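So the structure is just underneath, and the comments pick up after that.
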Amino acid sequence: MDGSRRRILKGTGGAAVLGLAMAAGLFRTGSAWAEWNKAAFDTKSLADAVKAMGGGAPAESKDIVITSPDIAENGAVVPFTIASKVPNTESMALLVEKNPNILAANFQIPQGTEPWINTRVKMGQTSNVIALVKTADGKFYYASKEVKVTLGGCGG
Amino acid sequence: MADPMKIRANMVGDKVEVKVLMSHEMETGQRKDSKGAAIPAWFIQNVTATHNGKTVLSAEWGPAVAKNPFLSFRFAGGKPGDKVAITWTDNHGDKRTDEATIA
Chain A
4 MDGSRRRILK
14 GTGGAAVLGL
24 AMAAGLFRTG
34 SAWAEWNKAA
44 FDTKSLADAV
54 KAMGGGAPAE
64 SKDIVITSPD
74 IAENGAVVPF
84 TIASKVPNTE
94 SMALLVEKNP
104 NILAANFQIP
114 QGTEPWINTR
124 VKMGQTSNVI
134 ALVKTADGKF
144 YYASKEVKVT
154 LGGCGG
Chain B
5 MADPMKIRAN
15 MVGDKVEVKV
25 LMSHEMETGQ
35 RKDSKGAAIP
45 AWFIQNVTAT
55 HNGKTVLSAE
65 WGPAVAKNPF
75 LSFRFAGGKP
85 GDKVAITWTD
95 NHGDKRTDEA
105 TIA
C-alpha cells in the first residue's frame, strides 16, 4: 500500500517536472522571437509606444504621407500606404489610436529599400491613424490622419 | 501547415516592387466565440524578406494587421531572374517561407 503511494507521488513529481520542462520549452521558443517588441505592442498611446521603442517625444512631420480611404466601410480590412521622405528613415510603424493596442505594425527599412509600405490593418472604430518614423540617429517623427469606420473590425 | 504565400516581384523603374499575400487567420485575441469564451490570439509576429540572402525588409506585426495579410514594398538592387524570399513566424512558432523570381 505504502509503496504504491510512493509511486503515485513519484509519478506526480515526474509530471510536474515534465510540465516545467514544457513551460521552459515554450519560454525558449518565446525568447527566440526576441525581435518582437512585446512592450511596444502592449502600449495604448503614441507616447508609450515611442518610449517602448526607445525614443523620446516624436515630432510631427510633413515628410510622412499616409494614403488611405477617408471612410472605410469595413474596419476589418483598411488599406494603408505609408511613405517617408524623412532623411535616414530606419523604421516605419503604423499605429491606430483607438484600437485596443495602438501599434499595428513596425517595419525595419534597410538601406536600399524605399521607405514606402503598403499593407492592410484592422480598425475597431473611427480613429486617428499614425505613421511613425524612426531615423538612424534615433529621432522619431509622425504624421496622422483620421479614418472613419462604418463597420468595426474587432467585433464577433 | 499554412497555405503558401502569393508573391509577385516586378521591376518598377530601377526598383523591385514586391507584393505578398499571406494566408493567415490573424486572430486578435479580442473576439469571443458563441459560448462567450475568448478566442486566443493567433497572428504573424515577424516577417522577413530577403534578396540574394540580404534582408530587404523586416517587420514586426501585431494582431491588428488584417486577416490574410497583404504587404507591398520596393527595394533597389534587384534584377529580373533574382529570387526574393519571404518568411513569416507566428505567435505559435509556426513558420513559412516562400520564394518568387523577379520578373
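Just so you know, the protein sequences line up as chains A and B, in that order.
Residue numbers for the first sequence follow the numbering used here, beginning at 4 and rising by one.
Residue numbers for the second sequence follow the numbering used here, beginning at 5 and rising by one.
Positions of the beta carbon are idealized from the N, C-alpha and C atoms, including for glycine.
Please read these numbers as outputs of a predicted model, since none were measured by experiment.
#1: Assign F74(B) to one of three DSSP states: helix, strand, or coil.
#2: What's the gap between the Cα of A42(B) and the Cα of V16(B)?
#3: With DSSP as the reference, label A107(B) as helix, strand or coil.
#4: Let's test the definition: count the other Cβ atoms within 10 Å of the Cβ of K99(B) and tell me whether it reaches 16, buried, or not, exposed.
#5: Here's the rule I'm using: 16 or more other beta-carbon atoms within 10 Å means buried, otherwise exposed. How should L154(A) be labelled?
#6: So, A107(A) versus A68(B), is the Cβ gap smaller than 8 Å?
#7: List the residues of chain B whose Cβ lies closer than 8 Å to the Cβ of I112(A), in chain order.
#8: Do you know offhand how far V88(B)'s Cα is from T52(B)'s?
#9: What residue range is occupied by the uninterrupted beta strand (DSSP E) comprising A13(B)?
#10: Report yes if the CB atom of R78(B) is closer than 8 Å to the CB atom of W119(A), and no otherwise.
#11: Check the DSSP bridge columns for Q111(A) and list the partner residues they point to.
Reading from the atomic positions:
#1: The three-state secondary structure of F74(B), taken from DSSP, is strand.
#2: 44 Å
#3: coil
#4: exposed
#5: exposed
#6: yes
#7: Correct list: L61.
#8: 10 Å
#9: K10 to V16
#10: Less than 8 Å divides the Cβ of R78(B) from the Cβ of W119(A).
#11: S94(A) and S62(B)
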